[in-house]
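In the order they appear, the protein sequences are chains Y and W. Just so you know, the UniProt record's numbering puts 59 at position 59 of the first sequence, and the rest follows in order with no gaps. Just so you know, the UniProt record's numbering puts 76 at position 76 of the second sequence, and the rest follows in order with no gaps.
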Amino acid sequence: MTNRTQWNLEQVTQIIASLKDTPGAMLPILHGIQDTQGYVPPDAVPMIAEALNQTRAEVHGVISFYHLFRTTPPGKHVVQICRAEACQARGARALEAHVKAKLHIDYNNTTLDQEFTLEPIYCLGNCACGPSIRVDDDIVGRVTTDKFDLIVDELTTVALDLAPLNPVRQEKKA
Amino acid sequence: MSIKVYVPRDTTTLSLDGNRVALEIIKEAESRGEDIQLIRNGSRGVFWLEPMVEVETNQGRVAYGPVEVRDVTRLFDAGFLAGSDSHKLSLGKPEELPYLKKQQRLTFARAGIIDPVSIDDYKALEGFKGLARSLQLTGQEIVDEVKASGLRGRGGAAFPTGIKWQTVHDCPPDQKYIVCNADEGDSGTFADRMVMEADPFMLIEGMTIAGLAVGATQGYIYLRSEYPVAYDILKEAIDNAYAAGYLGSDLLGSGKTFDLEVRLGAAAYICGEETSLLESLEGKRGLVRFKPPLPAIEGLFGKPTIVNNVLSLAAVPYIMSEGGQAYADYGMGRSRGTLPFQLAGNVQQGGLIELAFGPTLRQLIDDFGGGTASGRPMKAIQVGGPLGAYLPESQWDTPLDYEAFAAIEAVLGHGGIVIFDDTVDMTEQARFSMEFCVEESCGKCTPCRIGSTRGVEVIDKIRSGVNVEANLTLLDDLCDTMIHGSLCAMGGMTPFPVQSAFKHFPEDIDKAIAHSTSAEVH
Ligand SMILES: Cc1cc2nc3c(=O)[nH]c(=O)nc-3n(C[C@H](O)[C@H](O)[C@H](O)COP(=O)(O)O)c2cc1C
Ligand code: SF4
Ligand code: FES
């Protein structure tokens with residue numbers, strides 16, 4: 001249908017091949033796949049298992065052990081809210097409630113328009129300037145509810161501006 | 001000649017719009033025809049003043065902060081490129097800021113001063129002196145110097161670093177490894193991150209020296225995935241170190257080898273525990289291993305391995321260039337040297353404060369904190385991360401020293417200090433500690449895995465006023481079981497914050513009950 005549920009078999013094959021011989025290759029491979037595809041597609045599991053000479057169950061076990069790895073495609077942006085103590089002391093709980101209400105989703109869910117995936121995170125190392133969140137690869141400090149709304153607005157407006165340039169969206173329209 | 005302007009590139013500065021400030025400065029300079037050279041330094045750790053912009057003048061560097069994008073034009077108008085002090089954000093010389101002047105910076109001496117990926121900058125400020133000296137010594141002589149420093153592991157357990165190194169040194173020659181624990185999972189801590197973002201060559205140098213000391217030729221930095229900025233800077237620094245002959249085969253022409261690689265974790269707090277970390281590096285689930293065997297004897301891929309925290313390894317270049325005794329001259333009792341304390345949470349002046357062990361918690365907060373950010377009274381302080389106790393005001397006069405903290409059933413841990421104001425509900429904090437253990441337990445042992453889930457349930461009952469006395473007793477029993485029956489400190493120490501919250505703030509139980517019953521009425 002769209003790029004979001006497809007993944008690039010060739011790219012994944014190549015990532016696995018290029019990393020499988022490094023010592024302790026499992027996490028580097030999983031990172032490589034998630035970085036490029038946004039998630040670890042379940043169909044990649046047997047490929048990894050074969051390359052590393054492990055069972056599918058073992059690969060599965062590793063993927064499910066770590067909070068980072070997703071097995072479903074995320075939205076266009078991943079928003080992570082720091083839930084840890086230093087941010088709690090600066091109002092992270094209220095921020096978290098606001099974000100869930102604003103995006104109409106709970107943790108580990110994606111908005112209907114596929115714009116945002118919301119995830120919890122425990123400390124971003126920005127504990128002197130909380131509450132902190134991470135949006136994709138950017139960490140943002142002293143996030144008030146207003147500041148959060150602004151970030152969401154900025155991200156969605158930019159996305160709209162880019163819409164005609166975005167092949168996925170053009171496909172949809174066509 | 002172009003004027004040097006510094007805007008940090010560390011996570012905190014970036015989180016406060018530092019990149020846009022930097023871009024605005026470039027744009028403004030261009031439009032005014034000013035010739036500037038923008039340098040992206042690390043942070044000095046005065047986080048409440050970030051983004052702190054510095055300008056190099058004839059009289060040395062002068063600072064302005066916290067700078068927002070909208071301040072930039074006026075800073076130019078006020079002549080900040082000439083070091084003028086007429087703008088309201090002018091801070092004068094950064095090294096004269098009382099916040100920095102009152103510190104004893106051994107490990108963080110270069111932080112914020114240098115470009116973190118410039119080998120020349122690093123060398124100009126004593127960098128690689130420790131390595132140069134170590135290359136003249138035997139492995140045993142290096143280990144002896146580290147022993148003489150009295151350095152104890154900064155990751156939390158405070159185990160003497162020299163003794164750990166001796167064990168690996170004494171293992172017969174074989175493939176050995178140096179693993180740097182850069183998982184820094186404790187809330188309220190960012191000292192490791194600052195090392196990696198402000199002065200990564202110091203860590204690279206420390207690991208290389210460790211390799212020389214014990215005969216290890218391969219190092220890994222296990223970095224948490226929550227630190228994307230540190231990851232980029234570390235990789236840049238490692239590339240530069242290889243290019244300049246400070247890593248690889250034939251270190252500085254000595255014929256010795258040390259290779260180094262960064263590996264990313266994947267958001268699992270337990271992978272900060274050293275054996276779980278090793279499992280993860282090997283590509284497995286991060287299940288904690290039984291000890292013995294010690295990782296020093298059978299560590300990564302079954303080989304002798306040093307696992308040390310970032311700060312432990314980062315202390316080594318100073319120890320090797322200035323001598324173990326110079327380091328040991330700082331501190332109190334059996335806590336030698338300095339600890340970078342990290343002031344976080346609800347505090348006006350949060351940041352990194354490196355001091356010799358010994359001052360009291362209250363002194364630190366009074367001298368540096370500047371009160372809460374909310375302006376409300378302080379109520380509780382959690383020291384040592386999510387497994388550390390919550391301290392009430394009556395305990396704030398405890399000296400910052402491993403043994404003094406142990407005596408009040410608390411820990412210094414990795415030096416994180418998280419301040420809460422009087423709006424905090426300590427029963428909610430206690431609940432979170434148990435919830436965190438549910439989320440992060442590796443699942444290997446029952447007291448931790450099941451105990452924490454039961455803990456959440458029992459605390460929920462207490463908070464809603466159900467059989468309070470009986471459930472408090474039950475909670476105590478449960479905590480006892482976790483403390484005595486858990487394989488590692490995850491299950492074994494989660495009771496610390498829980499029990500301290502209930503013990504020192506009993507009034508919050510009634511408040512929580514009142515709150516929950518009034519919520520039911522509505
Ligand atoms: C649950 C748990 C989490 C830990 N997290 C970290 C961590 O994030 N960083 C760290 O250096 N040590 C951490 N430790 C301590 C390590 O197990 C180990 O003691 C340390 O890496 C040894 O290095 P050091 O002697 O230099 O402190 C943790 C321990 C436990 C039980
Ligand atoms: S105490 Fe918890 S984290 Fe530690 S080994 Fe047991 S189950 Fe795993
Ligand atoms: S606790 Fe939120 S960034 Fe550290």
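Each residue gets a CB set at the ideal place from its N, CA and C atoms; glycine is no exception.
query: Helix, strand or coil: how does DSSP classify C82(Y) here?
result: C82(Y) falls in the strand class under three-state DSSP.
- request: Give, in chain order, every residue of the segment 39-64 of chain W whose Cβ lies closer than 8 Å to some Cβ of chain Y.
  value: Going along the segment 39-64 of chain W in chain order, one finds F47, W48, E50 with a Cβ nearer than 8 Å to chain Y.
- prompt: Helix, strand or coil: how does DSSP classify P120(Y) here?
  reply: P120(Y): strand per DSSP, three-state reduction.
query: Looking at chain Y, which residues of the segment 268-298 of chain W have a Cβ within less than 7 Å of any of its Cβ atoms?
result: Of all residues in the segment 268-298 of chain W, the ones placed with a Cβ closer than 7 Å to any Cβ belonging to chain Y are A268, Y269, S280, L281, E282, G283, K284, R285, G286, in chain order.
- prompt: So which residues of chain W does R56(Y) contact, with C-beta pairs closer than 7 Å?
  reply: Result: empty, since nearest Cβ-Cβ is about 14 Å, beyond 7 Å.
message: I want to see whether chain Y comes within less than 8 Å of F258(W), judged by CB atoms only; does it?
response: No, because no Cβ of chain Y sits closer than 8 Å to the Cβ of F258(W).
- prompt: Any Cβ of chain Y within less than 8 Å of the Cβ of T12(W)?
  reply: Residue contact check for T12(W) against chain Y: a CB pair falls below 8 Å.
query: Taking the alpha-carbon positions, what's the R169(Y) to D113(Y) distance?
result: Only weak support exists for where R169(Y) lies, its pLDDT of 34 falling under 50; the coordinates are left without a value.
query: Roughly how many angstroms lie between the CA atoms of L19(Y) and A404(W), to the nearest whole one?
result: Each residue's Cα considered, the two are about 48 Å apart.
task: Establish whether the CB of N3(Y) and some CB of chain W are separated by less than 8 Å.
output: With a pLDDT of 48 at N3(Y), under the threshold of 50, the modelled position of that residue is not reliable, and the figure given next carries that caveat. Judged by the 8 Å Cβ criterion, N3(Y) is not in contact with chain W.
message: When you compare the CB positions of I63(Y) and I16(Y), do they come within less than 8 Å of one another, or not?
response: The criterion of a C-beta distance shorter than 8 Å is not satisfied by I63(Y) and I16(Y).
task: Say whether chain Y places a C-beta atom closer than 8 Å to the C-beta of residue 592(W).
output: Past the edges of chain W, shown from 1 to 522, lies residue 592(W), and the structure says nothing about it.
query: Within 8 Å (strictly less), CB to CB, does G61(Y) reach chain W?
result: Taking 8 Å as the CB threshold, G61(Y) lines the interface with chain W.
task: Find out if the Cβ-Cβ distance for the pair S149(W), Y327(W) is shorter than 8 Å.
output: Y327(W) sits close to S149(W), with the two beta carbons spaced by under 8 Å.
Inter-residue spacing [alpha-carbon to alpha-carbon] between F341(W) and Q11(Y): Approximately 45 Å, taken between the alpha carbons.
task: Classify D120(W) as buried or exposed, calling it buried when 16 or more other Cβ atoms lie within 10 Å of its own Cβ.
output: The C-beta of D120(W) has fewer than 16 other C-beta atoms within 10 Å across all chains shown, which makes the residue exposed.
Contact set between A489(W) and chain Y, taken where Cβ atoms lie within less than 7 Å: Listed along chain Y, no residue sits closer than 7 Å to A489(W) by beta-carbon distance, the nearest being about 16 Å off.
message: Counting only beta-carbon separations shorter than 8 Å, does M26(Y) have a partner in chain W?
response: In terms of beta-carbon proximity, M26(Y) lines the interface with chain W, with at least one pair separated by less than 8 Å.
For R454(W), the first and last residue of its enclosing alpha helix (DSSP H): For R454(W), the uninterrupted alpha helix (DSSP H) segment begins and ends at 446-463.
query: What number of angstroms, rounded off, separates the C-alpha of E171(Y) from the C-alpha of V40(Y)?
result: Low confidence applies to E171(Y): its pLDDT is 34, below 50, so where it sits in the model is not reliable enough to give any reading.
message: Against chain W, does S132(Y) count as a neighbour if the rule is that its beta carbon must be under 8 Å from one of theirs?
response: At least one CB atom of chain W sits nearer than 8 Å to the CB of S132(Y).
Whole-angstrom distance between V195(W) and V310(W), CA atom to CA atom: Approximately 8 Å, taken between the alpha carbons.
message: Can you tell me where the beta strand (DSSP E) holding residue 525(W) begins and where it ends?
response: Outside the displayed span of chain W (1 to 522) sits residue 525(W), for which this structure offers no information.
- prompt: Would a C-beta distance cut-off of 8 Å place I39(W) and G188(W) closer than the cut-off?
  reply: Taking 8 Å as the Cβ cut-off, I39(W) and G188(W) do not qualify as a contacting pair.
query: Would you report the Cα separation of T167(W) and V458(W), rounded to the nearest angstrom?
result: Spanning the two alpha carbons is a distance of roughly 44 Å.
Test: P304(W) CB closer than 8 Å to a CB of chain Y: With 8 Å as the cut-off, P304(W) does not count as an interface residue toward chain Y.
- request: On a CA-only basis, which of M378(W), G333(W), K147(W), S335(W) is nearest M320(W)? Give me that one, please.
  value: With distances taken between Cα atoms, M320(W) lies closest to K147(W).
- prompt: Which full runs of the beta strand (DSSP E) of 3+ residues lie inside the segment 123-203 of chain W, going along the chain?
  reply: Here the runs fully enclosed are 177-182.
task: Check whether the Cβ of Y122(Y) lies closer than 8 Å to any Cβ atom in chain W.
output: Y122(Y) counts as touching chain W.
- request: For D10(W), count neighbouring C-beta atoms within 10 Å of its own C-beta (all shown protein chains included) and say buried if the count is 16 or more, exposed if not.
  value: By the Cβ neighbour-count rule, D10(W) is buried, with 16 or more other Cβ atoms within 10 Å of its own.
- request: Please confirm if the segment 80-100 of chain Y is in contact with the segment 444-456 of chain W, defined as three or more CB-CB distances below 8 Å between the two stretches.
  value: No: fewer than three Cβ pairs fall under 8 Å.
- request: My understanding is that A230(W) touches I178(W), with C-beta atoms under 8 Å, so please give their C-beta distance in whole angstroms.
  value: Rounded, the Cβ-Cβ distance is 18 Å, inconsistent with contact.
- prompt: Within 7 Å: the Cβ of E184(W) and any heavy atom of ligand 1?
  reply: Proximity of the beta carbon of E184(W) to ligand 1 is indicated: a heavy atom of the ligand is located closer than 7 Å.
- prompt: At a Cβ threshold of 8 Å, is Q103(W) touching chain Y?
  reply: For Q103(W), the answer is no, since every Cβ of chain Y falls outside 8 Å of its Cβ.
query: What residue ranges within the segment 90-136 of chain Y form continuous beta strand (DSSP E) runs of no fewer than 3 residues, ordered along the chain?
result: Runs of the beta strand (DSSP E) lying entirely within the segment 90-136 of chain Y and spanning at least 3 residues, in chain order: 116-121, 133-135.
- prompt: What does I419(W) reach in chain Y if we use C-beta pairs closer than 7 Å?
  reply: Near I419(W) (Cβ distances below 7 Å), the residues of chain Y are A89.
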